[in-house]
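These notes concern the structure reproduced below.
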Amino acid sequence: MGWPTTDELRGPEMFDAEIRWTTHGVAHVRAADWASLGYGQGFACARDHLPTIADQITKVRSERSLHLGPGHEGQHLASDLGYRVLGLVERAPALRDAQPDFIRDLVRGYAAGYNAWLAEATAEDLLPEWCRGASWVRPLDELDLYAYLGDVGLLGSGRNLVQIIGRAEAPGSDGPVAPSPLSALGGGEPG
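Numbering-wise, our numbering comes out as the position in the sequence shown, counting from 1, plus 8.
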């Protein structure tokens, strides 16, 4: 099915957006209010990137191992534990509540637009074959998006520690083993 160059979208809660796609597939969204703008953006992003978005939401929900298994050398388990420790899902309501109304409207609309395209893609069998029917490809809500936005905010800090946090082990009965001072330089003992 070829995508139209213009979509007039009308969704639940009176979202009203127009999306124009350039010949190179770039979406331009026009709307009269923030919620409708978010709706159009969510619809367009889901159309172009739904598997990536769904994967990122699964990650911040700490559910990769639930849907994908433990992963190579426990990678998904470590990620799930690390993200659970970061508490992004638990912090999402506070992040939402701290936003001005127009941001809350934008994010609420984005979630609705994403879900609208997911419903359409599922009904019309438009999802890529490799993720069609996958348990991790499912509707999201605004709190999922706030948890993800919290993750994006951690790109320069705690996010880099997720695998380390997830793989941390308690010290032995004698306490932790002190590393060699040379290990900080990437080497072992002299010799």
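By construction, the Cβ of each residue, glycine as well, lies at the ideal position given by its N, Cα and C atoms. In this text the structure is predicted, and so the values were computed from the model without any measurement.
By DSSP's criteria, Ile-111 is part of a beta bridge. Which residues make up the other side?
According to DSSP, which records beta bridges pairwise, Ile-111 is partnered with nothing at all.
In the DSSP assignment, the beta strand (DSSP E) including Tyr-24 goes from what residue to what residue?
Here the sequence assigns Asp to residue 24, which means Tyr is not the residue at that position. Unbroken beta strand (DSSP E) run through Asp-24: 24-29.
Based on DSSP bridge pairs, tell me the residues matched to Arg-38.
Paired residue(s): Glu-26.
Mind reading off the beta-carbon distance from Ala-119 to Asp-149? Whole number of angstroms is fine, and I expect it under 8 Å.
Between Asp-149 and Ala-119 the Cβ distance is about 6 Å, and since that is below 8 Å, they are a contact.
Using the Cα positions of Pro-12 and Gly-33, report the straight-line distance between them to the nearest angstrom.
Reliability fails at Pro-12, whose pLDDT of 46 lies under 50, so the model's placement of it is uncertain and no value is given.
Tell me where the alpha helix (DSSP H) around Leu-151 begins and ends.
From DSSP, the alpha helix (DSSP H) with Leu-151 extends over 150-161.
Considering Val-170, what are the terminal residues of the alpha helix (DSSP H) in which it resides?
Start and end: 170-175.
DSSP beta-bridge partners for Gly-183?
DSSP, once it has assigned bridges, lists Gly-180 as partnering Gly-183.
On the criterion of 16 or more Cβ atoms from any shown chain inside 10 Å, does Asp-88 qualify as buried, or is it exposed?
Per the 10 Å Cβ criterion, buried.
Once the 5 residues before and after Asp-133 are set aside, which same chain residues still bring their CB inside 8 Å of it?
These residues qualify, in order along the chain: Arg-140.
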